[in-house]
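Residue numbers (our numbering): 12 to 225.
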Amino acid sequence: HHPPPETRTTSEASTPATPQSDLGEPPPDGGPLRAAHVLRALAGRLPADTVLIEETPSSRPDLHRLVPARTPLGFVSAAMGGLGFALPAAVGLRMALPDRPVVAVVGDGSALYGLHALWSATHYRVGALFVVLANGRYAVMDRLADKQGGKAPWPPFTEVDVRGLARSLGCPARRVHSYDELTATLDEVLPGLSAREEPLLLDVTVAVDPDFQP
12 HHPPPETRTT
22 SEASTPATPQ
32 SDLGEPPPDG
42 GPLRAAHVLR
52 ALAGRLPADT
62 VLIEETPSSR
72 PDLHRLVPAR
82 TPLGFVSAAM
92 GGLGFALPAA
102 VGLRMALPDR
112 PVVAVVGDGS
122 ALYGLHALWS
132 ATHYRVGALF
142 VVLANGRYAV
152 MDRLADKQGG
162 KAPWPPFTEV
172 DVRGLARSLG
182 CPARRVHSYD
192 ELTATLDEVL
202 PGLSAREEPL
212 LLDVTVAVDP
222 DFQP
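Here it is as structure tokens:
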């Protein structure tokens with residue numbers, strides 16, 4: 012007997028469509044960090060009861076594949092097209108759920124719409140972790156323009172210093188450039204995140220995923 016057409020073998024079902032994004036393996040020495048590397052590192056370290064807030068449009072497919080939601084509120088995202096949700100949402104959720112670790116994963120473009128929430132996080136001693144995937148551009152808009160044969164609607168903003176902006180609002184912040192820095196920082200911060208009494212922002216430099224299609 013032959014399997015029905017919709018049936019896939021185990022090997023076929025597990026074959027990733029975009030190998031680098033799905034695997035998220037450490038980059039080669041000297042290679043750039045990509046969002047999938049960060050998300051894979053998070054997935055292996057997040058406590059099971061983590062509240063994860065997401066606002067990273069160009070990395071959302073990787074996040075859905077790599078980071079499981081294991082408990083109620085394990086994954087929170089805005090059901091709309093606007094930007095600026097994740098940072099204030101993380102502050103509010105941590106205040107409402109003080110016994111659960113709260114992590115926001117947000118693109119730098121999205122973060123610029125709600126950075127002032129970091130002042131509230133600092134002022135009210137909200138111990139959330141904000142992981143900013145900083146590629147210095149609005150990758151979705153760039154790719155949409157490419158598909159139409161046009162120019163990107165605005166230039167890159169690589170000169171924007173998210174870490175510096177966070178610190179100006181009183182929020183502790185670190186910049187992460189390499190995979191070793193990333194894993195060392197996550198290993199330091201995540202085990203005690205549920206008891207943390209001050210926010211922390213990680214400004215993680217990542218390259219745009221060449222396989223991403225909006």
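Ideal Cβ placement from N, Cα and C applies to all residues, glycine included.
None of the values given here were measured: they were computed from a predicted structure.
Cutoff 6 Å; reference residue i; Cβ partners in own chain excluding five residues on either side
i	result
L176	L126
Y124	L94, G95
R174	A184, R186, D214
V143	V117, D119, A122, V173, D214
L84	V62
T29	Caution is warranted here: a pLDDT of 42 is assigned to T29, below 50, making its placement in the model unreliable, and the coordinate value is therefore given only provisionally. Contacts found: D222.
L193	A52, V187
Option in the options with minimal Cα separation from residue i
i	options	result
A80	A89, V62, G92, A195	V62
S88	A101, V200, G203	A101
G118	W130, G160, T169, L104	T169
P166	A206, D222, G147	G147
P202	D222, V219, R111	R111
R207	L193, V171, G41, F141	F141
Alpha-carbon spacing of residue i relative to residue j, whole angstroms
i	j	result
D191	P37	9 Å
V78	S179	31 Å
T133	V113	15 Å
S121	T216	15 Å
G55	K162	38 Å
D198	L204	11 Å
P109	E209	12 Å
R105	G160	43 Å
C182	R76	30 Å
Y135	H188	29 Å
L44	P72	17 Å
Contacts around residue i, its chain only, beta-carbon distance under 7 Å, and the 5 residues preceding and following it disregarded
i	result
L74	L50, E65, T67, V116
T82	A59, D60
A145	D119, V173, D214, V215, T216, V217
L98	A115, V117, A122, G125, L126, A128, L129, F141
Assumed close pair residue i, residue j - CB separation to whole angstroms, cut-off 8 Å
i	j	result
S70	A46	4 Å
R211	V200	Correcting the residue identity first, residue 211 is Leu in this sequence and not Arg. Yes, they are in contact, since the Cβ atoms of L211 and V200 sit about 6 Å apart, within 8 Å.
Paired residues, beta bridge with residue i - DSSP
i	result
F141	A115, L212
Cβ shell of residue i (< 8 Å), same chain only, five flanking positions each side left out
i	result
T196	R185, V187, L213
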